[in-house]
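Undergrad: Quick note, my numbering runs 407 ahead of the 1-based positions in the sequence shown.
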Amino acid sequence: MRPRNGGAAALGIAAAAVGLIAVTIGAATAATAVFFARKVVTPPEKREEDVRVARVDLAAGDITLLGSAETRMRGRYGFWFDHDAGHARLGDVIVDGEREVRRSIESVDFGRLDRASRGRINGWYHLGPWELGLPYENVVVETDLGPAPAWVIRAADASARWVIQVHGRGAKRPEGLRAVAPAHDAGWNALLISYRNDGEAPESNDRRYGLGGTEWADVVDATRFAVDQGAEEIVLMGWSMGGAISLQAVLRSPEVRQRLVGVMLDSPAIDWTDILRFQGQLYNFPPELGDLVVRVLGGPLGGGLTGIAAPIDVEDLDPIARADEFDVPMLLMHSVDDGFVPIDGSRRFAAARPDLIEFEEFEGARHTKLWNAEPERWTGLVHDWLARRSETVARLGDEAEIVG
């Protein structure tokens with residue numbers, strides 16, 4: 408197996424490549440583009456604790472945080488602190504001041520919150536399926552890289568309908584737990600999968616994300632697992648980069664399409680060029696930087712610069728350009744205030760296939776935190792959309808029987 412940091416030859420190639428790019432676009436810009444390209448494909452080993460804790464009053468059951476777009480979000484959230492050694496659950500905002508925000512504390516699950524000075528807010532309110540009050544199974548999906556852990560939560564009555572949950576970049580299986588209850592109530596089984604390089608599933612040789620261009624193969628294996636378990640109707644649900652992964656699985660795999668009856672997308676990564684431009688601007692870099700990152704990822708020297716095993720053609724991952732190839736209904740949910748993945752790509756995708764895509768815009772919700780901000784609306788949308796899929800498939804089956 409290759410060393411994590413590469414060998415001397417790889418470093419030499421990378422250095423030469425940076426020098427070559429620098430000749431044409433400037434050394435500082437070249438170095439920044441390479442930094443961002445490497446960052447986007449490298450699974451994070453540590454998550455940034457970007458929330459400052461001002462005070463914790465356990466007796467009163469509240470916490471005071473420095474004011475920011477994240478700390479002012481409405482709704483309930485997980486809160487990781489002490490480098491993920493501690494976890495609490497935060498309720499809604501009690502006082503929104505000019506500099507500080509006070510929120511309720513719903514629980515401290517582990518760790519010393521009263522000693523925390525920093526942390527990060529997380530949309531996965533649930534830590535595991537054991538918190539949902541439903542029977543669940545720990546299972547393994549066999550992939551080309553080895554066994555990948557997954558959870559199965561079955562519908563109350565025997566069902567051949569399955570929702571396969573595909574989490575986002577830097578996330579894990581708990582991200583999809585918010586969708587289990589509405590799926591269960593609508594009569595669907597849930598399969599929450601892990602995939603390569605997410606910290607649970609086996610690693611690829613390069614230990615890099617493919618932005619959907621490699622991970623889709625693990626969704627194919629998950630589909631095969633569900634079929635072996637009796638699945639006849641399958642819906643893929645992708646969160647953030649999991650949306651890109653799910654759409655690539657649909658476009659690239661006849662096996663997935665065979666039993667696919669729909670796709671659900673929460674804050675999906677649709678247009679990677681647009682995303683990279685947006686994220687560069689968050690750091691006050693010009694929008695052109697995103698285009699340079701795309702060139703780095705897709706260029707012949709991209710492997711030496713970023714560690715990826717093969718160049719990533721970002722244009723080839725664009726579902727809007729191939730919108731006419733989709734033939735199943737979709738539920739697409741995105742917030743105008745996402746703050747990480749701009750909504751523009753979702754809007755263009757929905758506009759390209761208004762006959763298939765039911766597009767729901769949210770306001771005031773941050774990235775993949777739509778459920779947290781508006782739980783009743785979000786849960787209702789997922790439940791009702793899945794219920795309609797059940798009714799539509801059943802009706803088509805009855806019509807086919809009559810014709811037959």
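Just so it is clear, CB atoms sit at the ideal spot from N, CA and C, and this is done for glycine as well.
Rounding to the nearest angstrom, what Cα-Cα distance links Pro609 and Val627 in this structure?
TA: Here residue 609 refers to the residue found at position 202 when the sequence shown is read from its first residue. Here residue 627 refers to the residue found at position 220 when the sequence shown is read from its first residue. So the alpha carbons of these two residues sit roughly 15 Å apart.
Undergrad: Under 8 Å: do the stretch 557-576 and the stretch 649-661 share three or more Cβ pairs, one atom per stretch?
TA: The answer is yes - the stretch 649-661 touches the stretch 557-576, with three or more Cβ pairs under 8 Å.
Undergrad: Quick one: using the 10 Å Cβ neighbour count with 16 as the cut-off for buried, is Trp531 buried or exposed?
TA: In the sequence shown, residue 531 corresponds to position 124, counting from 1. Looking at its Cβ environment, which holds 16 or more other Cβ atoms inside 10 Å, Trp531 is buried.
Undergrad: Below 6 Å CB to CB, which residues in the same chain sit around Val463 once its five sequence neighbours on both sides are set aside?
TA: Taking the sequence shown and counting its residues from 1, one reaches residue 463 at position 56. Closer than 6 Å at the Cβ level, and outside the excluded window around Val463, lie Ile470, Leu520, Asp521.
Undergrad: Is it the case that the Cβ atoms of Ser777 and Phe769 are separated by a distance below 7 Å?
TA: As a first step, residue 777 must be located in the sequence shown, where it is residue number 370. As a first step, residue 769 must be located in the sequence shown, where it is residue number 362. Note on residue identity: the sequence assigns Leu, not Ser, to residue 777. Going by C-beta atoms, Leu777 is nearer than 7 Å to Phe769.
Undergrad: Between which two residues does the beta strand (DSSP E) containing Asp551 stretch?
TA: Taking the sequence shown and counting its residues from 1, the one referred to as residue 551 is at position 144. Where Asp551 is concerned, there is no enclosing beta strand (DSSP E), given that its DSSP letter is neither H nor E.
Undergrad: How big is the Cα-Cα spacing for Ala495 and Asp564?
TA: Locating residue 495 in the sequence shown gives position 88, where the first residue counts as 1. Locating residue 564 in the sequence shown gives position 157, where the first residue counts as 1. The alpha-carbon atoms of Ala495 and Asp564 are separated by roughly 34 Å.
Undergrad: Which of the three DSSP states is assigned to Met480 in this structure?
TA: Your numbering for residue 480 matches position 73 in the sequence shown. It is coil, neither helix nor strand.
Undergrad: If Ile682 and Val748 are in contact, beta carbons under 8 Å, what's the gap, nearest whole angstrom?
TA: As a first step, residue 682 is located in the sequence shown; it is residue number 275 there, counting from the start. As a first step, residue 748 is located in the sequence shown; it is residue number 341 there, counting from the start. Indeed they touch by this definition, with Cβ atoms about 6 Å apart.
Undergrad: Have a look at Pro736 and Glu639 and give me their C-alpha separation to the nearest angstrom.
TA: Working through the sequence shown from its first residue, we reach residue 736 at position 329. Working through the sequence shown from its first residue, we reach residue 639 at position 232. Each residue's alpha carbon lies about 16 Å from the other.
Undergrad: Would you report the Cα separation of Asp605 and Gly577, rounded to the nearest angstrom?
TA: Against the sequence shown, residue 605 aligns to sequence position 198. Against the sequence shown, residue 577 aligns to sequence position 170. Distance between the alpha carbons of Asp605 and Gly577: 7 Å.
Undergrad: For the alpha helix (DSSP H) that Phe517 lies in, which residues bound it at each end?
TA: Within the sequence shown, the letter at position 110 stands for residue 517. Per DSSP, Phe517 belongs to no alpha helix (DSSP H); it is in the beta strand (DSSP E), 507-517.
Undergrad: Just to confirm my understanding: we take Arg796, look at its own chain, exclude 5 residues before and 5 after, and list those with CB closer than 6 Å. What are they?
TA: Reading the sequence shown from its first residue, position 389 is the one you call residue 796. Answer for Arg796: Val668, Gly669, listed in chain order.
Undergrad: Check Ser797 in the structure and name its three-state DSSP category.
TA: Counting from one through the sequence shown, the residue named residue 797 turns up at place 390. Helix, per DSSP.
Undergrad: According to DSSP, Leu643 sits in a beta bridge with which residue or residues?
TA: Locating residue 643 in the sequence shown gives position 236, where the first residue counts as 1. Answer by DSSP bridge pairing, in chain order: Ile571, Val670.
Undergrad: With a threshold of 6 Å on Cβ separation, who are the neighbours of Pro718 within its own chain once the five nearest residues in sequence on each side are excluded?
TA: Taking the sequence shown and counting its residues from 1, one reaches residue 718 at position 311. For Pro718, where only same-chain residues beyond five positions count, the Cβ hits under 6 Å are Gly705, Gly709.
Undergrad: State the Cα-Cα distance for the pair Glu538 and Ser514, rounded to the nearest angstrom.
TA: In the sequence shown, counting from the first residue as 1, residue 538 sits at position 131. In the sequence shown, counting from the first residue as 1, residue 514 sits at position 107. Cα-Cα distance, rounded: 13 Å.
Undergrad: Tell me whether Gly468 sits in a helix, a strand or coil according to DSSP, three-state version.
TA: Counting from 1 along the sequence shown, the entry for residue 468 is found at position 61. If DSSP states are grouped into helix, strand and coil, Gly468 belongs with coil.
Undergrad: From the DSSP output, which residues share a beta bridge with Met737?
TA: By one-based count along the sequence shown, residue 737 stands at place 330. Partner(s): Val670, Ile764.
Undergrad: Tell me whether Asp635 sits in a helix, a strand or coil according to DSSP, three-state version.
TA: Within the sequence shown, numbered from 1, the residue matching residue 635 stands at position 228. If DSSP states are grouped into helix, strand and coil, Asp635 belongs with the helices.
Undergrad: Taking all protein chains shown into account, do 16 or more other C-beta atoms lie within 10 angstroms of the C-beta of Ser524, making it buried, or fewer, making it exposed?
TA: Here residue 524 is taken as the residue at index 117 of the sequence shown, counted from 1. Exposed: under 16 other Cβ atoms inside 10 Å.
Undergrad: Look at the alpha carbon of Asn529 and the alpha carbon of Leu584, and state the distance between them as a whole number of angstroms.
TA: Sequence index remark: in the sequence shown, residue 529 carries index 122 (1-based). Sequence index remark: in the sequence shown, residue 584 carries index 177 (1-based). Those two C-alpha atoms are separated by around 13 Å.
Undergrad: Using a Cβ-Cβ cut-off of 6 Å (strictly less than) and excluding sequence neighbours within five positions of Gly482, which residues of its own chain qualify?
TA: On the sequence shown, residue 482 is found 75 positions in, with the first residue counted as 1. Hits under 6 Å: Asn779, Ala780.
Undergrad: CB-CB under 8 Å to Glu505, same chain, minus the five flanking residues each way: which ones, in chain order?
TA: Against the sequence shown, residue 505 aligns to sequence position 98. So the list reads Gly474, once near-sequence residues are dropped.
Undergrad: Give the range of the beta strand (DSSP E) segment to which Val502 is assigned.
TA: As a working note, residue 502 is residue 95 in the sequence shown. Note, Val502: beta strand (DSSP E), 493-503.
Undergrad: What number of angstroms, rounded off, separates the C-alpha of Pro726 from the C-alpha of Ala466?
TA: Residue 726 sits at position 319 when you count from the first residue of the sequence shown. Residue 466 sits at position 59 when you count from the first residue of the sequence shown. Distance between the alpha carbons of Pro726 and Ala466 is about 51 Å.
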